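Enquirer:
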Amino acid sequence: MSESPGRALRDLRERKPLIHQITNYVVMNETANATLAIGGLPVMAHAIEEVEEMVSAAGALVLNIGTLSAPWIEAMLLAGKAANAAKAPVVLDPVGVGATTFRTETAKRILDEVDVAIVRGNAAEVAALAGLEAEIRGVEAIGATSSAAELARTAAGRLAVVAAVTGPVDYVSNVEHTRAIANGDPMLAAITGSGCISTALTGCFAAVRPDAPVEAAASALAALGVAAEDAARDAPGPGTFHARLYDTLYALSPESLDERANISDA
Amino acid sequence: MSESPGRALRDLRERKPLIHQITNYVVMNETANATLAIGGLPVMAHAIEEVEEMVSAAGALVLNIGTLSAPWIEAMLLAGKAANAAKAPVVLDPVGVGATTFRTETAKRILDEVDVAIVRGNAAEVAALAGLEAEIRGVEAIGATSSAAELARTAAGRLAVVAAVTGPVDYVSNVEHTRAIANGDPMLAAITGSGCISTALTGCFAAVRPDAPVEAAASALAALGVAAEDAARDAPGPGTFHARLYDTLYALSPESLDERANISDA
Amino acid sequence: MSESPGRALRDLRERKPLIHQITNYVVMNETANATLAIGGLPVMAHAIEEVEEMVSAAGALVLNIGTLSAPWIEAMLLAGKAANAAKAPVVLDPVGVGATTFRTETAKRILDEVDVAIVRGNAAEVAALAGLEAEIRGVEAIGATSSAAELARTAAGRLAVVAAVTGPVDYVSNVEHTRAIANGDPMLAAITGSGCISTALTGCFAAVRPDAPVEAAASALAALGVAAEDAARDAPGPGTFHARLYDTLYALSPESLDERANISDA
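First to last, the sequence lines map onto chains L, U and G.
Heads up: the first sequence begins at 61 in my numbering, then just goes up one per residue.
Heads up: the second sequence begins at 61 in my numbering, then just goes up one per residue.
Heads up: the third sequence begins at 61 in my numbering, then just goes up one per residue.
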């Protein structure tokens, strides 16, 4: 755990990895712009005719189930297996898991058929995916308490992934190691797609830290959190905050990220 | 008609209803962010496998035909019927009706098969949907004249819905009562999706005023209009206006909405 | 070549042509807003049931293969043929051609079956489409050198289109005439969709200059370039730049465009 998020950011900006994203319609522009701002090269492609070829050139694959349909699931599975074959890390965002059976089953199917490196979701989504709903009441509150750390740890074990649970404090765990990231701003919750952006950025960092998924996710969440802190300063509301967030992601320096990232063991 | 738009806004912010939107690709991010800014929780889902389950948890359903295709129509019909069964109000945005036979027939089919509470469109769209094209020349001009009020009234009767016709002055009618909303700014016409945003906001207010669709639509249009007035102040152009619109929707207080909403009988 | 870009812009703002765009999910909102800001009326429609009827009312058709799938290809071909029959110019953006066989073959198929007036892409895309990959190394660098002019000329000849190759300097060629456009700002490369926006604007100008595609493309690229120069002034980063770009496109006057457009023979 001696990694520095700043060093990962420097590598990301130098290598400019292609980040293949099969994501939802709502946030495609936003995750593409966030990927560019942090230093990656986004590509969106979902046709079964091309996803395997496209992912073969990518440094990471991001799968996001926010606006699912049957052909997209097929594309996600094809792309995921091709990413596994190419040893490109796969990051899964289980948007809305627990809200419908279709989403829950699709996320589980992806986890069954694809070797997913990192799952990034909010507490409710990660709990639903890990089958912890029954044990959880008031998922909204979890993020504020130490139980979100426990959730990340348990989900990591049950799902055999690195689990990144975002909330007021974010937790990333591979069971053995759990990291807390205490950066960010409540304004993130006032714009749609901030979770999806955090997943896309996790893909960017995973592309340059494929063998250190805990640190990749922690670095990504710290980078977004620090950028959000800067974007929220004097922002009159979520629209201006949203526009500025790309400014501050773009302007974020490796030195500043190392200095301000609030990452600790949990 | 003793409702206060401010009280509806307060209820919206307290209850945070889930607003299920099956809408067009162009505006998904925008309607989601507007929904969040006013106080609702947006969810976009269009798969036939999940729309019925998703809408069962929603306070309202918004159907928008801006970028139609056959599978989406099927999803809209399934979701609409499920919303009816759950007694969640359905708001329809007939984007581009009259421009192609496909759009006109689809909108009519939705009206036939689903109990739509509110139709929100511009004068040309509402006229085409109500079969009033032959009686209308220069639809662009209608919004500025009292004939838009007549259009809203006639369409409400013919379509058996509350009709909300937006333009320089907006008119909302259930035949018996017709309300004029004289808020807004011409800059709204310079961004794509402002109509779709008004429909999404109508869904938000309908979720907390399911039994008062005229006041729900009037409150939503007043809220957007007041927010647009604030966003347009000193805005150098539509890009800045657009970003600020989410700031001003977010900052809009119930008191300010009551004070500034310019709603009258028409 | 006596055209004035300012005069074309004035015509565009007076006639407000409908620009039918079958484009990718990532940029739909952005190209629609850019189309509005410059003076056109955007419409997005991709259903095979309506594309022919929709394009029959349009001044130009923009095809963009950024997020392809089989049904969209069918729609593009139908719309393209209908645009040809209606004598509306067709502009093609071969996003990502060369990255996958599927994209390359689809772009070629569109060129085979549709009479495309203008192809707008970056150097790598245009080179791949024209079968010039083998002769090219380091496509990123091409834009900065005179070889991009040669690429535009050669591609125009091989593809029998007007080729618009964008980069640090843009080149537009119909083989006989080649124009260099030296406007713009590096910040354009920091936002997703700036290429797609340039294609949409090319469609707008082509709608009012259907018989002068070289000047239409040159005018569009100059307009975007000048607007980008204004938007970049004091912009703290790509998010603010992006929002302002719609302000500056909207505010661009014909006089200013004529004065500042840096178009020369190449």
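Here a beta-carbon is modelled for each residue, glycine too, at the ideal position from N, C-alpha and C.
Everything numeric in this text was worked out from a predicted model, so none of it was measured.
S254/U and V286/U: beta carbons closer than 9 Å?
Expert: Numbered from its first residue, the second sequence carries residue 254/U at position 194. Numbered from its first residue, the second sequence carries residue 286/U at position 226. For S254/U and V286/U, no; Cβs fall outside 9 Å.
Enquirer: Figure out for me which residue from A188/G, N234/G, D245/G and A215/G has the closest Cα to the Cα of G227/G.
Expert: Taking the third sequence and counting its residues from 1, the one referred to as residue 227/G is at position 167. Of the candidates A188/G, N234/G, D245/G and A215/G, the one whose C-alpha sits nearest the C-alpha of G227/G is D245/G.
Enquirer: Between the Cα of E63/U and those of A295/U, A280/U and R213/U, spot the shortest distance and give me the residue it belongs to.
Expert: As a first step, residue 63/U must be located in the second sequence, where it is residue number 3. Considering only alpha carbons, the answer is A280/U.
Enquirer: For A97/L, would you say it is in contact with chain G, using Cβ-to-Cβ distances shorter than 9 Å as the test?
Expert: As a first step, residue 97/L must be located in the first sequence, where it is residue number 37. Interface residue, yes.
Enquirer: Assuming T166/U and H106/G are in contact, meaning their beta carbons sit under 8 Å apart, how far apart are those beta carbons, in whole angstroms?
Expert: Sequence index remark: in the second sequence, residue 166/U carries index 106 (1-based). Sequence index remark: in the third sequence, residue 106/G carries index 46 (1-based). The Cβ separation is near 14 Å, so there is no contact.
Enquirer: Determine the chain G residues that contact G119/U at a beta-carbon separation under 9 Å, and present them in chain order.
Expert: In the second sequence, counting from the first residue as 1, residue 119/U sits at position 59. Near G119/U there are no residues of chain G at all, since even the closest Cβ is about 26 Å away, more than 9 Å.
Enquirer: The alpha helix (DSSP H) that contains T259/L, what's its start and end?
Expert: Against the first sequence, residue 259/L aligns to sequence position 199. Run containing T259/L: S254 to V268, per the alpha helix (DSSP H) assignment.
Enquirer: Rounded to whole angstroms, what is the Cα-Cα separation between A283/G and T262/U?
Expert: Sequence index remark: in the third sequence, residue 283/G carries index 223 (1-based). Sequence index remark: in the second sequence, residue 262/U carries index 202 (1-based). Whole-angstrom Cα-Cα distance: 37 Å.
Enquirer: Using the rule of at least 16 other Cβ atoms within 10 Å of the residue's Cβ for burial, across every protein chain shown, is E319/U buried or exposed?
Expert: Translated into the one-based positions of the second sequence, residue 319/U becomes position 259. Its Cβ having fewer than 16 others within 10 Å, E319/U is exposed.
Enquirer: For the stretch 67–84 of chain U against the stretch 112–125 of chain U, are there 3 or more C-beta pairs whose distance is under 8 Å?
Expert: These segments touch.
Enquirer: Are the beta-carbon atoms of A183/G and A208/G separated by less than 9 Å?
Expert: Numbered from 1 along the third sequence, position 123 holds the residue referred to as residue 183/G. Numbered from 1 along the third sequence, position 148 holds the residue referred to as residue 208/G. Yes, these two residues count as a Cβ contact at 9 Å.
Enquirer: Tell me, please, whether the stretch 91–101 of chain G touches the stretch 135–146 of chain U by the rule of three or more beta-carbon pairs shorter than 8 Å.
Expert: no
Enquirer: Among the residues of its own chain, which have a CB less than 6 Å from the CB of T308/L, if the five just before and after it don't count?
Expert: Within the first sequence, the letter at position 248 stands for residue 308/L. Cβ neighbours of T308/L beyond the five flanking positions: A287, D290 and A291.
Enquirer: Considering only the beta carbon of each residue, do A277/U and V222/U sit closer than 9 Å?
Expert: Counting from one through the second sequence, the residue named residue 277/U turns up at place 217. Counting from one through the second sequence, the residue named residue 222/U turns up at place 162. A distance below 9 Å separates the beta carbons of A277/U and V222/U.
Enquirer: Have a look at D294/G, G297/G, T300/G and Y306/G and flag the residue whose alpha-carbon is nearest the alpha-carbon of R297/U.
Expert: The sequence position of residue 297/U within the second sequence is 237, counting from 1. Note on identity: in this sequence residue 297/U is Gly, with Arg being the wrong assignment. When D294/G, G297/G, T300/G and Y306/G are compared, the shortest CA-CA separation from G297/U is found for Y306/G.
Enquirer: To the nearest whole angstrom, what separates the beta carbons of L69/G and P273/G, a pair I think is in contact under 8 Å?
Expert: As a first step, residue 69/G must be located in the third sequence, where it is residue number 9. As a first step, residue 273/G must be located in the third sequence, where it is residue number 213. 16 Å between Cβ atoms; not a contact.
Enquirer: If you follow the alpha helix (DSSP H) that L138/U is part of, which residue opens it and which one closes it?
Expert: Within the second sequence, residue 138/U is the residue found at index 78, counting from 1. Its alpha helix (DSSP H) spans residues A130 to A146.
Enquirer: According to DSSP, simplified to helix, strand and coil, what is V286/G?
Expert: Here residue 286/G is taken as the residue at index 226 of the third sequence, counted from 1. Of the three classes helix, strand and coil, the one that applies to V286/G here is helix, per DSSP.
Enquirer: Give the residues from the stretch 302–316 of chain U that approach chain L closer than 9 Å (Cβ to any Cβ), ordered along the chain.
Expert: Here the close residues are H302, A303, R304, L305, Y306, D307, T308, L309, Y310 and A311.
Enquirer: Would you identify the three-state DSSP class for S313/L, choosing helix, strand or coil?
Expert: As a first step, residue 313/L must be located in the first sequence, where it is residue number 253. If DSSP states are grouped into helix, strand and coil, S313/L belongs with coil.
Enquirer: Cβ atoms of D230/G and A240/G: under 9 Å apart, would you say?
Expert: Walking along the third sequence from the start, residue 240/G turns up at place 180. Walking along the third sequence from the start, residue 230/G turns up at place 170. Yes.
Enquirer: Between T91/U and P154/U, what straight-line distance do the alpha-carbon atoms span, to the nearest angstrom?
Expert: Along the second sequence, read from residue 1 onward, the residue named residue 91/U stands at position 31. Along the second sequence, read from residue 1 onward, the residue named residue 154/U stands at position 94. Those two C-alpha atoms are separated by around 15 Å.
Enquirer: Using only alpha-carbon positions, find the residue among P270/L, W132/L and H302/L that is nearest to Y85/L.
Expert: Along the first sequence, read from residue 1 onward, the residue named residue 85/L stands at position 25. When each option's Cα is compared against that of Y85/L, the closest is W132/L.
Enquirer: R269/L to G156/L, Cα distance in whole Å?
Expert: Counted from its first residue, the first sequence places residue 269/L at position 209. Counted from its first residue, the first sequence places residue 156/L at position 96. Rounded to whole angstroms, R269/L to G156/L spans 27 Å at the Cα level.
Enquirer: Compute the distance between the beta-carbons of N144/G and D175/G, then report whether it is under 9 Å.
Expert: Sequence index remark: in the third sequence, residue 144/G carries index 84 (1-based). Sequence index remark: in the third sequence, residue 175/G carries index 115 (1-based). Taking the C-beta atoms as reference points, D175/G is found nearer than 9 Å to N144/G.
Enquirer: Which value, in whole angstroms, describes the spacing of the CA atoms of R169/L and L248/L?
Expert: As a working mapping, residue 169/L is identified with position 109 in the first sequence. As a working mapping, residue 248/L is identified with position 188 in the first sequence. Inter-residue distance for R169/L and L248/L is about 30 Å (C-alpha atoms, whole angstroms).
Enquirer: What does the Cβ neighbour count give for A204/G, buried or exposed, with the cut at 16 atoms within 10 Å?
Expert: The sequence position of residue 204/G within the third sequence is 144, counting from 1. Reliability of the predicted coordinates at A204/G is poor, the pLDDT of 44 falling under 50, and the value obtained from them is presented with this limitation in mind. Counting Cβ neighbours within 10 Å, A204/G comes out exposed, since fewer than 16 surround it.
Enquirer: State yes or no: is the C-beta of V122/G within less than 9 Å of the C-beta of T259/G?
Expert: Here residue 122/G corresponds to residue number 62 of the third sequence, with the count starting at 1. Here residue 259/G corresponds to residue number 199 of the third sequence, with the count starting at 1. Contact: yes.
Enquirer: Quick check on A190/L: does DSSP put it in helix, strand or coil?
Expert: The count along the first sequence starts at 1 and reaches residue 190/L at position 130. In the structure shown, A190/L sits in coil (DSSP, three-state: anything other than H, G, I, E or B).
Enquirer: Rounded to a whole number of angstroms, what is the C-alpha to C-alpha distance between E275/G and A267/G?
Expert: Here residue 275/G refers to the residue found at position 215 of the third sequence. Here residue 267/G refers to the residue found at position 207 of the third sequence. Rounded to whole angstroms, E275/G to A267/G spans 12 Å at the Cα level.
Enquirer: Thinking C-beta only, is I125/G closer than 9 Å to M114/G?
Expert: Here the question's residue 114/G lines up with position 54 in the third sequence. Here the question's residue 125/G lines up with position 65 in the third sequence. No, the Cβ-Cβ distance between M114/G and I125/G is not below 9 Å.
Enquirer: What does the alpha-carbon distance come out to for the pair R67/U and L192/U?
Expert: As a working note, residue 67/U is residue 7 in the second sequence. As a working note, residue 192/U is residue 132 in the second sequence. Looking at the two C-alpha atoms, the distance is approximately 36 Å.
Enquirer: With 9 Å as the threshold, decide whether the Cβ of I178/G is near any Cβ in chain U.
Expert: In the third sequence, residue 178/G corresponds to position 118, counting from 1. Answer no: the Cβ-Cβ gap between I178/G and chain U never drops below 9 Å.
Enquirer: Using a 10 Å radius around the Cβ and a threshold of 16 neighbouring Cβ atoms, would you call S233/L buried or exposed?
Expert: Indexing the first sequence from 1 puts residue 233/L at position 173. Around the beta carbon of S233/L, a 10 Å sphere encloses 16 or more other beta carbons of the protein chains shown; the residue is thus reported as buried.
Enquirer: Does DSSP put L69/G in a helix, in a strand, or in coil?
Expert: Walking along the third sequence from the start, residue 69/G turns up at place 9. DSSP places L69/G in helix when its eight states are reduced to three.
Enquirer: Nearest by alpha-carbon distance to N243/G: which of E210/G, V225/G and N322/G is it?
Expert: Numbered from its first residue, the third sequence carries residue 243/G at position 183. The shortest C-alpha separation from N243/G is found at N322/G.
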